[in-house]
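Below you'll find the structure, written out as structure tokens, and then a few comments.
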Amino acid sequence: MTSPDIDTQTLAGTERATEADATGTATGTAAGTEWWRTAVIYQIYPRSFADADGDGMGDLPGITHRLPALRELGVDAIWLSPFYTSPQRDAGYDVADYCDVDPRFGTLADFDLMQGAAHDLGIRVIVDLVPNHSSSDHRWFQAALAAAPGSEERGRYVFRDGRGDNGELPPNNWESVFGGLAWTRVTEADGAPGQWYLHLFDSTQPDFDWSNPWVREQFRDVLRFWLDRGVDGFRVDVAHGMVKADGLPDYTPAVEGGSMGGGSATLEPGISVEPPEPAPYWAQEGVHDIYRDWRLLLDEYPGDRILAAEAWVDPLARVAKWVRPDEMHQAFNFAYLETPWSAPALRSVIDDSLDAFSSVGAPSTWVLSNHDVVRHASRLALTAENLQGHGIGPKTVGLPDPVVGLRRARAASMLMLSLPGSSYIYQGEELGLPEVVDLPDSARQDPTWFRTNGERYGRDGCRVPIPWEAAAPSYGFGPTTASWLPQPAEWAALARDVQEGADGSTLELYKLALRLRREHALGLGAVDWLDGFGDEVVALRNGDVTVIANAGAAPVDLPDGDVLLASGPLDGRSLPGDTTVWLRA
Ligand code: GLC
Numbered sequence: 031m032t033s034p035d036i037d038t039q040t041l042a043g044t045e046r047a048t049e050a051d052a053t054g055t056a057t058g059t060a061a062g063t064e065w066w067r068t069a070v071i072y073q074i075y076p077r078s079f080a081d082a083d084g085d086g087m088g089d090l091p092g093i094t095h096r097l098p099a100l101r102e103l104g105v106d107a108i109w110l111s112p113f114y115t116s117p118q119r120d121a122g123y124d125v126a127d128y129c130d131v132d133p134r135f136g137t138l139a140d141f142d143l144m145q146g147a148a149h150d151l152g153i154r155v156i157v158d159l160v161p162n163h164s165s166s167d168h169r170w171f172q173a174a175l176a177a178a179p180g181s182e183e184r185g186r187y188v189f190r191d192g193r194g195d196n197g198e199l200p201p202n203n204w205e206s207v208f209g210g211l212a213w214t215r216v217t218e219a220d221g222a223p224g225q226w227y228l229h230l231f232d233s234t235q236p237d238f239d240w241s242n243p244w245v246r247e248q249f250r251d252v253l254r255f256w257l258d259r260g261v262d263g264f265r266v267d268v269a270h271g272m273v274k275a276d277g278l279p280d281y282t283p284a285v286e287g288g289s290m291g292g293g294s295a296t297l298e299p300g301i302s303v304e305p306p307e308p309a310p311y312w313a314q315e316g317v318h319d320i321y322r323d324w325r326l327l328l329d330e331y332p333g334d335r336i337l338a339a340e341a342w343v344d345p346l347a348r349v350a351k352w353v354r355p356d357e358m359h360q361a362f363n364f365a366y367l368e369t370p371w372s373a374p375a376l377r378s379v380i381d382d383s384l385d386a387f388s389s390v391g392a393p394s395t396w397v398l399s400n401h402d403v404v405r406h407a408s409r410l411a412l413t414a415e416n417l418q419g420h421g422i423g424p425k426t427v428g429l430p431d432p433v434v435g436l437r438r439a440r441a442a443s444m445l446m447l448s449l450p451g452s453s454y455i456y457q458g459e460e461l462g463l464p465e466v467v468d469l470p471d472s473a474r475q476d477p478t479w480f481r482t483n484g485e486r487y488g489r490d491g492c493r494v495p496i497p498w499e500a501a502a503p504s505y506g507f508g509p510t511t512a513s514w515l516p517q518p519a520e521w522a523a524l525a526r527d528v529q530e531g532a533d534g535s536t537l538e539l540y541k542l543a544l545r546l547r548r549e550h551a552l553g554l555g556a557v558d559w560l561d562g563f564g565d566e567v568v569a570l571r572n573g574d575v576t577v578i579a580n581a582g583a584a585p586v587d588l589p590d591g592d593v594l595l596a597s598g599p600l601d602g603r604s605l606p607g608d609t610t611v612w613l614r615a
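For the sequence shown, the positions run 31 to 615 when our numbering is used.
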């Protein structure tokens, strides 16, 4: 890999960082203007971002090397999926040591270098915290296995005796999000079959018992460890799942599962099912005490450090509970992510989001892709229902047309980036990457694939290492041809160096959008709906920018105003279908 050129871009970034620090106080910036209210946050999936040592797995030095490209893109912050010590049974969401870096990704010193380089570029750093469960390799769980039923060590996790005459039946009927039972039976020290432990995800991911004060104290220490190192915040994994209903009652979901706990990804508005009451393992009131406690802890630190909730909860009014003033700062807007490419559905979810989040004084967030869902350059062109978490593959019904998918994705992203609040970008979407639908079965690694005997493809298709340089081995992902998931040959044409400076490329479109978003302060703005463009069109004004997204097929006449940005070619003053335009109002 060639060495990055950090020159004037660095300077601009540094000025930005200094400005923020100068206005920050020990308790943070003046309420209402904190950076996270408007930030564009870029999700790095470390396994697949950049590989410095050439072993086929991305790493922290790789991230450091590629940070200038993110500065050029214009993002405010990065969120890193887990890079902690882990057997990688769920791609690092199975943590064996919360306070160390897995050797596959580097060392704590590499983390410090990466974070320092990001801060020098004016980019904040958010790390992932996985508090619902640890890896079964964690020393706490190993100690629990070695200890007797009823011991202090077992009390840190959710161990129960089984049902049936000999405890041979699981303690209740809960199912794992990844498929199969949510319980695994252990063998006791005397070799006899023994208790069962709960795992809402893979059997290598035992759930903690958050009613145990010991667990709470350990995680306070984990938060302090990373805050002391200088991180700007935490994305909190499964933030809706840590507390379970007393007595662990049986529960049968109304809709077939596969989602992280929310509704289903739907192709038509209104199909998404709102559960009357959350499941006994999701959205229990008790989780909020944990976040109030963490908020107090974060507030002890200077600067504006944040907590962002991954809470797959319906409806948005319920999600807003996670971001009440004394809890977290942001919650992912999965309702937006799950909205089909349909103007009425988009208008309604935007309204609902702004209402729900503003009712508690929080910014709305927006997101279209992440490491758990089908990339939106494919998802938005699916022609049959596809449940979140199931993924797509060769046998999927309704596979997307890639041309339609990319056109819609560009239009959808330009609508998202025009909205007030904070937006999340998932690595590779700025290149227009589609989901990889033809991974060989032998390459698949998602536990979902194994736990459902291949019935669900799972999430590997959105996790393929991203292309940087068309002519380099592994398209510049690393210095060798190694790549933990194979990259499609078509990705050469999508490599960052091909798109750099190329007229009309998706990369240049994102760069322009982020620059205009900043210049026109869209993040701090408001949505004023504009009428008169027809049912298939989302039209709004945010400050001095008019945004028109044509989600239909028929062209639409544009009003007056200079074109600031267009997601696809315009036909004079006519806006084709699946295209978004920003005009100077
Ligand atoms: C979250 C993560 C997902 C992971 C799961 C279990 O939903 O985003 O990737 O598999 O939690 O930790």
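Positions of the beta carbon are idealized from the N, C-alpha and C atoms, including for glycine.
So, helix, strand or coil for residue i, using DSSP?
{"i": "W612", "result": "strand"}
{"i": "W324", "result": "helix"}
{"i": "P98", "result": "helix"}
{"i": "R348", "result": "helix"}
{"i": "L515", "result": "coil"}
{"i": "W312", "result": "coil"}
{"i": "S399", "result": "coil"}
{"i": "E549", "result": "helix"}
{"i": "S241", "result": "coil"}
{"i": "W204", "result": "coil"}
{"i": "F364", "result": "helix"}
{"i": "V317", "result": "helix"}
{"i": "F231", "result": "coil"}
{"i": "Q73", "result": "strand"}
{"i": "L278", "result": "coil"}
{"i": "F255", "result": "helix"}
{"i": "Y331", "result": "coil"}
{"i": "R190", "result": "strand"}
{"i": "D83", "result": "coil"}
{"i": "W65", "result": "helix"}
{"i": "T478", "result": "helix"}
{"i": "F264", "result": "strand"}
{"i": "D587", "result": "strand"}
Sorted by chain position, which residues of the same chain lie with C-beta nearer than 8 Å to residue i's C-beta, five sequence neighbours on each side aside?
{"i": "P23", "result": "Within the shown structure, residues of the chain are numbered from 31 to 615, placing residue 23 beyond reach of any answer."}
{"i": "L230", "result": "N162, H163, W204, S206, V207, A212, D237, V268, G271, Y311"}
{"i": "S604", "result": "P585, V586, D587, L588"}
{"i": "L461", "result": "I496, P497, L524, A525, R526, Q529, T536, L537"}
{"i": "E485", "result": "G209"}
{"i": "V188", "result": "Y227, L228, P236, D237, F238, D239, K274, L278"}
Between which residues of its own chain and residue i is the CB-CB distance below 6 Å, once the five residues before and five after are set aside?
{"i": "A52", "result": "Low confidence applies to A52: its pLDDT is 33, below 50, so where it sits in the model is not reliable enough to give any reading."}
{"i": "S597", "result": "R440, A441, M444, T609, T610"}
{"i": "L11", "result": "No answer is possible for residue 11: the residues shown for the chain start at 31 and end at 615."}
{"i": "R317", "result": "According to the sequence provided, residue 317 is Val. The question's Arg does not apply to it. Correct list, in chain order: M272, V273."}
{"i": "A42", "result": "At A42 the pLDDT is 32, less than 50, meaning the model places this residue with poor confidence; the figure from the coordinates comes in the next sentence. There are no such residues."}
{"i": "P599", "result": "none"}
{"i": "A309", "result": "Y281"}
{"i": "W170", "result": "R186"}
Quick one: what's got a C-beta closer than 7 Å to residue i's C-beta in the same chain, skipping five residues either side?
{"i": "V349", "result": "A341, V343, A361, A386"}
{"i": "L552", "result": "S448, P450, N572, G573, V575"}
Under the criterion of a Cβ to heavy atom distance below 7 Å, does residue i qualify as lining the ligand SAH?
{"i": "Y281", "result": "Summarising the ligand content, the structure contains the ligand GLC and does not contain the ligand SAH."}
Check your reading: residues with Cβ closer than 6 Å to the ligand GLC heavy atoms: That query returns the following residues: D120, Y123, V160, F231, D267, V268, M290, E340, H401, D402.
For the segment 100-171, list the alpha helix (DSSP H) runs that are entirely contained and at least 4 residues long, ordered along the chain. Those alpha helix (DSSP H) runs which fall completely within the segment 100-171 and span 4+ residues are 138-150.
List in chain order: all unbroken alpha helix (DSSP H) runs of 4+ residues lying wholly within the segment 429-475. Within the segment 429-475, the complete alpha helix (DSSP H) runs of at least 4 residues are 432-446.
What are the complete beta strand (DSSP E) segments, minimum 3 residues, inside the segment 532-582? Entirely contained in the segment 532-582, the beta strand (DSSP E) runs reaching 3 residues are, in chain order, 567-572, 575-580.
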